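Each position in the sequence shown, counted from 1, maps to that position plus 5 in the working numbering.
Each residue gets a CB set at the ideal place from its N, CA and C atoms; glycine is no exception.
This structure is a prediction, so every number in the text was calculated from the model and none was measured.
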Amino acid sequence: MPSPNMSSRDLRRQLEHEILLGELTPGTRLDEVALTERFGVSRTPVREALQQLSMMQLVEIRPRRGAFVKKMSLRELVDMFEVMAELEGACGRLAADRMSDDERATLKELHKASEVMVKERDYDGYYRANVAFHEAIYKGSHNEFLSEQTKNLRNRLTPYRRLQLRQSNRLTSSFNEHSEITEAITSGNKALAEQLLSAHVTVQRGSFNDFLASLPMDLIDQTA
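If you want it as structure tokens, here you go:
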């Protein structure tokens, strides 16, 4: 049950969590009255939480219209995926060079565990497994700054990457790509690990353009 003593920080964390999980999708209006009723708090912590989310670029506050989960322009989305590919590639290269034997074993286990989710078409379960798999690579890079920056950008793209997995045959393709990535990293092939992870994130071979074309019109800011 929501607590009337929830702080603006608590509210911000809860809404941030829902945005990053894709439960509150880009374009969703965050009505102050509805939020005060939902969490059982006054409007002051709600307004403060929305201001904090606005500073984090997760929410857009429009004069006389209210707060909305922020949409990205098509150009911004493409740019962010491009940077994400570079960051992931760097993590893969370093992980192939620096992972311990235990970390390599963990990566293999995480990959194997996701196979049942592919067979069952469990999109949400696979997404969670996907996050764990990639975070194991970030950690295995043994570069805390790179790991943190990669996770931050990954979180910003979460609603879009969740949708990406629902493309036709994407679960199977993603799993197969993870197989190649796991082999490259655990065998210490730095160049191949970097190449595979970069391609994996941008979903090359023509499917990234298909993904962009498949996005709902209200998910992207068409005017930016």
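- For Gly-71, the enclosing beta strand (DSSP E) covers residues 71 to 74.
- Our two residues, Leu-162 and Met-60, have alpha carbons roughly 17 Å apart in a direct line.
- Under a 10 Å Cβ-count criterion, Pro-68 is classified as exposed, with fewer than 16 other Cβ atoms of the shown protein chains found around its own Cβ.
- Between Thr-33 and Val-74, the alpha-carbon positions lie close to 5 Å from each other.
- Going by beta carbons, Cys-96 and Ser-152 fall inside the 8 Å limit.
- DSSP places Arg-67 outside any alpha helix (DSSP H); the residue lies instead in the beta strand (DSSP E), whose first and last residues are 64 to 67.
- When secondary structure is reduced to three states using DSSP, Met-85 falls in the helix class.
- The criterion of a C-beta distance shorter than 8 Å is not satisfied by Thr-191 and Lys-124.
- DSSP places Arg-34 within a strand segment (E or B) once states are collapsed to three.
- Within the DSSP secondary-structure output, Ile-225 pairs in a beta bridge with Met-77.
- Inclusion of Asp-226 and Ser-47 in the CB contact set at 8 Å is not warranted, their separation being larger than that value.
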